[in-house]
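J.: Protein sequence lines correspond, in order, to chains A, B, C, D, E and F.
Residue numbers for the first sequence follow the working numbering, so the first one is 1 and each next one is one higher.
Residue numbers for the second sequence follow the working numbering, so the first one is 250 and each next one is one higher.
Residue numbers for the third sequence follow the working numbering, so the first one is 499 and each next one is one higher.
Residue numbers for the fourth sequence follow the working numbering, so the first one is 748 and each next one is one higher.
Residue numbers for the fifth sequence follow the working numbering, so the first one is 997 and each next one is one higher.
Residue numbers for the sixth sequence follow the working numbering, so the first one is 1246 and each next one is one higher.
C-beta: ideal position from N, C-alpha, C; glycine also.
Number of protein chains: 6
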Amino acid sequence: MTDIVRADGRATDQLREITIERGWSANAEGSALISFGGTKVLCTASFTNGVPRWLTGKGKGWVTAEYAMLPRATNSRNDRESVKGRIGGRTHEISRLIGRALRAVVDTKALGENTIVIDCDVLQADGGTRTAAITGAYVALADAIEWGREKKFIGKNATPLLDSVAAISVGIIDGTPMLDLPYVEDVRAETDMNIVVTGRGLFVEVQGTAEGAPFDKRELDALLELGLAGCETLKGHQLEALAPSEAQA
Amino acid sequence: MTDIVRADGRATDQLREITIERGWSANAEGSALISFGGTKVLCTASFTNGVPRWLTGKGKGWVTAEYAMLPRATNSRNDRESVKGRIGGRTHEISRLIGRALRAVVDTKALGENTIVIDCDVLQADGGTRTAAITGAYVALADAIEWGREKKFIGKNATPLLDSVAAISVGIIDGTPMLDLPYVEDVRAETDMNIVVTGRGLFVEVQGTAEGAPFDKRELDALLELGLAGCETLKGHQLEALAPSEAQA
Amino acid sequence: MTDIVRADGRATDQLREITIERGWSANAEGSALISFGGTKVLCTASFTNGVPRWLTGKGKGWVTAEYAMLPRATNSRNDRESVKGRIGGRTHEISRLIGRALRAVVDTKALGENTIVIDCDVLQADGGTRTAAITGAYVALADAIEWGREKKFIGKNATPLLDSVAAISVGIIDGTPMLDLPYVEDVRAETDMNIVVTGRGLFVEVQGTAEGAPFDKRELDALLELGLAGCETLKGHQLEALAPSEAQA
Amino acid sequence: MTDIVRADGRATDQLREITIERGWSANAEGSALISFGGTKVLCTASFTNGVPRWLTGKGKGWVTAEYAMLPRATNSRNDRESVKGRIGGRTHEISRLIGRALRAVVDTKALGENTIVIDCDVLQADGGTRTAAITGAYVALADAIEWGREKKFIGKNATPLLDSVAAISVGIIDGTPMLDLPYVEDVRAETDMNIVVTGRGLFVEVQGTAEGAPFDKRELDALLELGLAGCETLKGHQLEALAPSEAQA
Amino acid sequence: MTDIVRADGRATDQLREITIERGWSANAEGSALISFGGTKVLCTASFTNGVPRWLTGKGKGWVTAEYAMLPRATNSRNDRESVKGRIGGRTHEISRLIGRALRAVVDTKALGENTIVIDCDVLQADGGTRTAAITGAYVALADAIEWGREKKFIGKNATPLLDSVAAISVGIIDGTPMLDLPYVEDVRAETDMNIVVTGRGLFVEVQGTAEGAPFDKRELDALLELGLAGCETLKGHQLEALAPSEAQA
Amino acid sequence: MTDIVRADGRATDQLREITIERGWSANAEGSALISFGGTKVLCTASFTNGVPRWLTGKGKGWVTAEYAMLPRATNSRNDRESVKGRIGGRTHEISRLIGRALRAVVDTKALGENTIVIDCDVLQADGGTRTAAITGAYVALADAIEWGREKKFIGKNATPLLDSVAAISVGIIDGTPMLDLPYVEDVRAETDMNIVVTGRGLFVEVQGTAEGAPFDKRELDALLELGLAGCETLKGHQLEALAPSEAQA
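(1) Closer than 8 Å, Cβ to Cβ, to anything on chain B: give me those residues from the region 22-33 of chain A, in chain order.
(2) Please name the residue, chosen from Arg686/C, Leu609/C, Asp719/C, Gly625/C, that lies closest to valine 539/C on a Cα-to-Cα basis.
(3) I want to verify the contact list: residues of chain A whose CB lies under 7 Å from the CB of isoleucine 1332/F, in sequence order.
(4) For leucine 1260/F, which residues from the same chain have a beta carbon less than 8 Å from its beta carbon, with the 5 sequence-adjacent residues on both sides left out?
(5) Would you verify that the beta carbon of leucine 469/B is, or is not, closer than 9 Å to some beta carbon of chain A?
(6) Where does threonine 1205/E sit, in a helix, a strand or coil, going by DSSP?
(7) I need the straight-line Cα distance from threonine 440/B to valine 414/B, nearest angstrom please.
(8) Let me know the secondary structure DSSP gives glycine 227/A once reduced to three states.
(9) With C-beta atoms as the reference, is threonine 64/A less than 9 Å away from isoleucine 118/A?
(10) In angstroms, rounded to a whole number, what distance separates the CA positions of alanine 929/D and arginine 578/C?
(11) According to DSSP, simplified to helix, strand and coil, what is isoleucine 118/A?
(12) Would you call glycine 1035/E buried or exposed, if buried means 16 or more other Cβ atoms sit within 10 Å of its Cβ?
(13) Excluding five sequence neighbours on each side, which residues of the same chain lie with their C-beta closer than 8 Å to the C-beta of methionine 1065/E?
(14) Any C-beta of chain B sitting closer than 9 Å to the C-beta of methionine 69/A?
(15) Where in the region 1026-1050 of chain E do unbroken runs of the beta strand (DSSP E), each at least 3 residues long, occur, reported from the N-terminal end onward?
(16) Which same chain residues, not among the five before or five after glutamine 497/B, have their C-beta less than 8 Å away from its C-beta?
(17) In three-state DSSP terms, what is threonine 1436/F?
(18) Report back the beta-carbon spacing between glycine 397/B and alanine 281/B to the nearest angstrom; my notes put them in contact at under 8 Å.
(19) Do the CB positions of alanine 1136/E and alanine 1024/E come within less than 9 Å of each other?
(20) Helix, strand or coil for proline 924/D per DSSP?
(21) Apart from the five residues on each side of it in sequence, which residues of its chain come closer than 6 Å, Cβ to Cβ, to aspartate 605/C?
(22) Using DSSP bridges, identify the partner residues of glutamate 228/B.
(23) Among Thr1454/F, Val1449/F, Asn1439/F, which has the Cα closest to the Cα of arginine 1345/F?
(24) So aspartate 216/A contacts chain B; which residues on that side make the cut at Cβ distance below 9 Å?
(25) Compile a chain-ordered list of the residues in the region 1293-1312 of chain F whose CB is closer than 7 Å to at least one CB of chain I.
(26) Using the beta-carbon count (16 or more within 10 Å), is serine 76/A buried or exposed?
(27) Expressed to the nearest angstrom, what Euclidean distance is found between the alpha-carbon atoms of glutamine 238/A and alanine 132/A?
(28) Expressed to the nearest angstrom, what Euclidean distance is found between the alpha-carbon atoms of lysine 1462/F and leucine 1198/E?
(29) Just list the alpha helix (DSSP H) runs in the region 823-862 of chain D, keeping only unbroken ones of 4 residues or longer that don't cross its boundaries, in chain order.
(30) With a Cβ-Cβ cutoff of 9 Å, do leucine 97/A and tryptophan 62/A count as a contact?
(31) Using DSSP bridges, identify the partner residues of tyrosine 316/B.
(32) Would you mind working out which of Ile1440/F, Phe1460/F, Asn1402/F, Phe1398/F sits nearest threonine 1421/F, comparing C-alpha positions?
(33) Give the residues of chain E in contact with threonine 791/D, contact being defined as C-beta atoms less than 9 Å apart.
(34) Over the uninterrupted alpha helix (DSSP H) stretch that includes isoleucine 1379/F, give me the two end residues.
(35) Identify each residue in the region 616-644 of chain C for which the Cβ-Cβ distance to at least one residue of chain B is less than 7 Å, and report them in chain order.
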């Protein structure tokens, strides 16, 4: 893309090191400890037969997500939201985003009257926590659906998963579009965008914000292109993690 | 755009009836009662000399926003968030969006150590409440800044407002991109997008979500084009409302 | 009463300008935007077929009210109670007062197992917000009951409304009893009283408080006389607003 | 007044048995365990040198009150407000009433920059808890002021207490005005009134509510007369409790 | 034990003056006002036929407890937990301790599907409030069970109470083990222990904490011996309070 | 001890597999991911120069702890305490226990006016989470103190750590005392005890509870002996983790 080399030595269109430890949790029906460089998120999927009261009897399932950060995931400690007694706006917003991203690739009719709650807890934060969370959550979700099928809560021929889904951050720094921003880049970005993309390369969510100067259509297009390529790479990591040879505990 | 005529008789690229009652509130330093068709939002701007503790001594001002809905703004009554004792995720998310949108056109150095809080209270809701809120909030903000200048809290030659800002919703319904969705269209939209645009036509925020099927780049482009045109029209309404002849107490 | 002329030019026994915009809200089953001078309260009535669990099966309906103030209704901004996470004592107290006032003129047996919630949101405050709220709430209530009758939730011959109800503030300022106090008078009043009176001129509620010196029986009698006359005038405004010629959506 | 004899054998204008145990608490600067028949309220006064921040430097003191009920004070158990995480409307309303009643007889300038918090905790409830609380709170307040004088926080010649204050409930039952209602009468009362009266016989607060049929001026006058006489008797009990021979712990 | 005489004149192995006023509350099914010297706790037992939802249909009853302190029970006033909107860690911890202590002597099958809630409210605090609460709670519990038997909610031959239970604090002060610490000793104790013991002399709970230097096995043994003897004496007070001649209101 | 072999093959006096990953977190001043078999707790220590306001100017530091569990750490998902808006009694109780345990081995004068907050977040739970938390917290604390010394916030010759500290659970199952109970044993234990022991083998905390039948002195002694030996072994693991060869970033 450009000859610019970033502080961590990456090219502008290069992801950080991505690792996915599938089945990290012995207790959850699906789980993954995902890292995007220094960002580490534990994603667990909890499968329950049945749906919330408001959905009962409609023959549909429900998928939702909750995002949170450990108090010392970041460089300086933040008070716990449980201690403050209320959840902050940012936490709410990201939880809602993750839930929408996952529901976009789930056929809730095929899921049947089952509920899957995905918890994404950031153990260590270095930028891009919401995109790592979505990417890891998909892996946990896929395993939880498989679990439900084995337990016969989901029909043998039902295919609740319509596609895979991944997410990445992109941003403009000193005029240059860059992929997968760590914290030091994130705070300097003029424009910050998170995109959520399906395995087939379609958009589920596009959220771009001018942190500094407003941006134009040309910049928007450059960011989208970078992000689509990044999500394609993430899809590869997800497929590899979910490959049968790495069978889960 | 197309020959499709909507339930309310509008063309696909046509805004609903827009009205802005500038100076609706006798008490606030700036205010506007804005309506986008059946959506009515009261925007008030409260100017305070001084800034929050964490910003003290940096020679910068602060602009923030709070969004809320009256319990019976909608078709059926919702419990008050004050009664529930907590603010919902949607409320938080929209409040944060409005604040970011306004700050994008404010030079906080030029504002000086002053704080402006914009309250956007939805009195009646029929889709697009966040976009009406941003569009009306700009009018209230402009008047509050003018008030601060008259009271000498802001320097005579300072220009805290860098540009105007407006917002509109767009969506794809039955495959057709449409502008400014009322509630009945909003619930049917496959893709729903809110865009925030400056007076110069640059993006401040682009938030697109696939409510149904994921969308591709071509659809995204069509929505952005529609939205840019809509915001250009809204800018006209804002300018008219703020024109000196309609000067207010 | 006396020759004293008040700051706003009124006689001591004169109400401020009263306006009632019946049917202000397109969504509620009954509504009124009422103003007592600079005090503006939006009253909406939400009709629901059915009653709370604790009242089920007793053949009776339920009427309740919630009062709140927009953050910038007053001269300086107050934090939202939803943000503080708790409702203040004053808000609770006024909500309870409005509910009692309305229930005093409702035959809950005739209402049948239906619930009406009246929301009174102060859009602009200049003293007497609770009395304006009660007076406007009656209009919204009357329309909601009419709506329930049209929808056959209330029997054709049932008469749930036993009487009308209105409320006004009175106070002693510099030794002189005065009617309908705006904010500037309210803060100076030695004694402050709110009275709630039915259309037939009977008391529903009498709440008098010595803000300065305690008061004697003679002063109490003077205040009650003023208030009764004021409520009689308010009844006229309510009847006019509810007159068939001003038929509502 | 009438020949009617009540369930507990009292005449219509007779108080229940009143006892005041002054100095019940070894820790508080002033305290009283007061009973009106089966209603028992522990009132403690906490004296602090200094005032809340908002009052600092004005040379004035502050008196405030908090009312609460033990969970099993009543016939069936109520959940604790601490467990529910919020204070109910009734609790707030009564706390505010007690505070106003006490401040009406305090010269805050003479009190100096000192704060007195009165806690009124209902240990057993049988109607009239707020009136017992006010009556007992006065005794605790008087002792706390005396304590402040001894500790030289209050000037030797200052007289912060302008008068005494007491309160009683009155109501109309089966058409008959009655004094000091126990729970069984309270629930049957058509009109319920609490009055707060100074030692000199002036009104501090008059709160009358039609629980059943609205009431007229004649009934109101009868209730006020009954209540004034009852408060005069309560004043005697207060004076006796505070008499020097009953010196406090 | 030693020749040491304490500030209040007691021997190191001597309890403070213990009084138990059984049946203090006219409303509760069982109650006791217990005092350990200056510590006074009102214990009330509320009997309800039926159990919480999660226990329904298992043929077992439920016993639970809530502990709280009046704001001015202590030497300086503490804010109410209801006002703070949350219950503190200490309150939670003691409530749970009391509940466990009581359940240890209850046969929930014999209790049948009935619930007993014990409220322990500290009216005055001078150390050892949790141990006084447990000791008094047993008396209230015993009477509530007797009430349930009389009302036929509990079978005639069922014996839900397996044993009695009492509790006492012990501690090491200046190297000397002492029984039943008042506040002045409690704050100086190097090691602080609360023990809960059944009538048969078996341990239900042992909670020892090194407030200063850690302690060894020999010191632990000395404290346990002291505490066992103290609980034996408390059992005598409980039996005396519950003796038939002191029949309850 | 006995010939009994447990479900997981251990002897009754044998710990589960213990691992301590020192320095797991890149951001905290000290950290350890500790596991006791299937129980995994992430302990991070946050060092701040300065102390809370109430301790300012006393020349002493402060050490405190917060414990929490991820929602799906356990076999079935628990609602987040941040979502419930309040911290449960168990969480409070364990946080307080960990804080006391650590403070028992810290000389706060030697620590100087510095604050260390230890967060113990249970990532996976299989019994004994509080004891694993204390044991791991000590390692994080030791590294944070070393960090403070390197940054010169702590004097070169100061020795804030007086000793090490570890904790273990013991219990009686089917009459047999056993060490380090996993979840399946914990729920079956008649008596459950947690003990906290310093490196020198002294008790900091002893908390024994009869979950089933009350226990006698002989059983208590057997449990204490088992626990002391277990803590001695844990000390070995702590020393090994902190050995210089495993030096940390």
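T.: Quick answer:
(1) With the criterion set as a beta carbon lying under 8 Å from some beta carbon of chain B, the region 22-33 of chain A has no members that meet it.
(2) Start at 1 with the first residue of the third sequence, and residue 539/C comes out as number 41. Minimum Cα distance to valine 539/C is reached at Gly625/C.
(3) As a working note, residue 1332/F is residue 87 in the sixth sequence. Ordered by position in chain A, the residues that pass the 7 Å Cβ test against isoleucine 1332/F are Ser82, Val83.
(4) Taking the sixth sequence and counting its residues from 1, one reaches residue 1260/F at position 15. Hits under 8 Å: Phe1281, Ile1413, Leu1424, Asp1425, Gly1475, Thr1478, Leu1479.
(5) Position 220 of the second sequence, counting from 1, holds the residue named residue 469/B. Yes, leucine 469/B counts as interfacial toward chain A.
(6) Counting from 1 along the fifth sequence, the entry for residue 1205/E is found at position 209. Looking at threonine 1205/E - three-state DSSP - the assignment turns out to be strand.
(7) Here residue 440/B is taken as the residue at index 191 of the second sequence, counted from 1. Here residue 414/B is taken as the residue at index 165 of the second sequence, counted from 1. If you take the alpha carbons of threonine 440/B and valine 414/B, they lie about 23 Å apart.
(8) Start at 1 with the first residue of the first sequence, and residue 227/A comes out as number 227. It is helical.
(9) Mapped onto the first sequence, residue 64/A falls at position 64. Mapped onto the first sequence, residue 118/A falls at position 118. A contact, by the Cβ cut-off of 9 Å.
(10) Taking the fourth sequence and counting its residues from 1, the one referred to as residue 929/D is at position 182. Taking the third sequence and counting its residues from 1, the one referred to as residue 578/C is at position 80. The amino acid occupying residue 929/D in the given sequence is proline; alanine does not appear at that position. Near 39 Å, if we compare the C-alpha coordinates of arginine 578/C and proline 929/D.
(11) Along the first sequence, read from residue 1 onward, the residue named residue 118/A stands at position 118. If DSSP states are grouped into helix, strand and coil, isoleucine 118/A belongs with the strands.
(12) Counted from its first residue, the fifth sequence places residue 1035/E at position 39. It should be pointed out that residue 1035/E corresponds to threonine in this sequence rather than to glycine. Per the 10 Å Cβ criterion, buried.
(13) Walking along the fifth sequence from the start, residue 1065/E turns up at place 69. Asn1074, Thr1087, Asp1117, Val1118, Ala1121, Thr1125, listed in sequence order.
(14) On the first sequence, position 69 is the one that residue 69/A refers to. No, because no Cβ of chain B sits closer than 9 Å to the Cβ of methionine 69/A.
(15) Fully enclosed beta strand (DSSP E) runs of 3 or longer: 1026-1032, 1035-1045.
(16) In the second sequence, the residue the question calls residue 497/B occupies position 248. With a pLDDT of only 46 at glutamine 497/B, under the threshold of 50, the placement of this residue in the model should not be trusted, and no figure is reported.
(17) For the purposes of this step, residue 1436/F is identified with residue 191 of the sixth sequence, where counting begins at 1. Three-state DSSP puts threonine 1436/F in a strand.
(18) The count along the second sequence starts at 1 and reaches residue 397/B at position 148. The count along the second sequence starts at 1 and reaches residue 281/B at position 32. That pair is no contact at about 17 Å.
(19) Position 140 of the fifth sequence, counting from 1, holds the residue named residue 1136/E. Position 28 of the fifth sequence, counting from 1, holds the residue named residue 1024/E. Yes, Cβ-Cβ distance for alanine 1136/E and alanine 1024/E is below 9 Å.
(20) The residue labelled residue 924/D in the question sits at position 177 within the fourth sequence. Note: proline 924/D maps to strand in three-state DSSP.
(21) Along the third sequence, read from residue 1 onward, the residue named residue 605/C stands at position 107. Here the set comprises Pro658, Leu660.
(22) Past the boundaries of the shown model lies residue 228/B; chain B is included only from 250 to 498, so the question cannot be answered.
(23) By one-based count along the sixth sequence, residue 1345/F stands at place 100. Looking at the Cα atoms, Val1449/F is the closest of the given residues.
(24) Locating residue 216/A in the first sequence gives position 216, where the first residue counts as 1. Near aspartate 216/A (Cβ distances below 9 Å), the residues of chain B are Gly450, Leu451, Phe452.
(25) Reference to chain I is not applicable here, since the protein chains of this structure are A, B, C, D, E and F.
(26) The residue given as residue 76/A occupies position 76 in the first sequence. When all chains shown are included, serine 76/A counts as exposed.
(27) Counted from its first residue, the first sequence places residue 238/A at position 238. Counted from its first residue, the first sequence places residue 132/A at position 132. In a straight line, the C-alpha of glutamine 238/A is about 11 Å away from that of alanine 132/A.
(28) As a position in the sixth sequence, residue 1462/F is number 217, starting the count at 1. As a position in the fifth sequence, residue 1198/E is number 202, starting the count at 1. About 8 Å.
(29) 828-831, 836-850, 855-858
(30) Residue 97/A sits at position 97 when you count from the first residue of the first sequence. Residue 62/A sits at position 62 when you count from the first residue of the first sequence. No.
(31) What you label residue 316/B is simply residue 67 of the second sequence in a count that begins at 1. BP columns for tyrosine 316/B point to Cys369/B.
(32) Numbered from 1 along the sixth sequence, position 176 holds the residue referred to as residue 1421/F. When each option's Cα is compared against that of threonine 1421/F, the closest is Phe1460/F.
(33) Counted from its first residue, the fourth sequence places residue 791/D at position 44. Those are Leu1066, Pro1067, Arg1068, Ala1069, Arg1073, listed as they occur along chain E.
(34) Translated into the one-based positions of the sixth sequence, residue 1379/F becomes position 134. Taken as a continuous stretch (DSSP letters only), the alpha helix (DSSP H) holding isoleucine 1379/F covers 1374-1395.
(35) Asp617, Asp619, Leu621, Gln622
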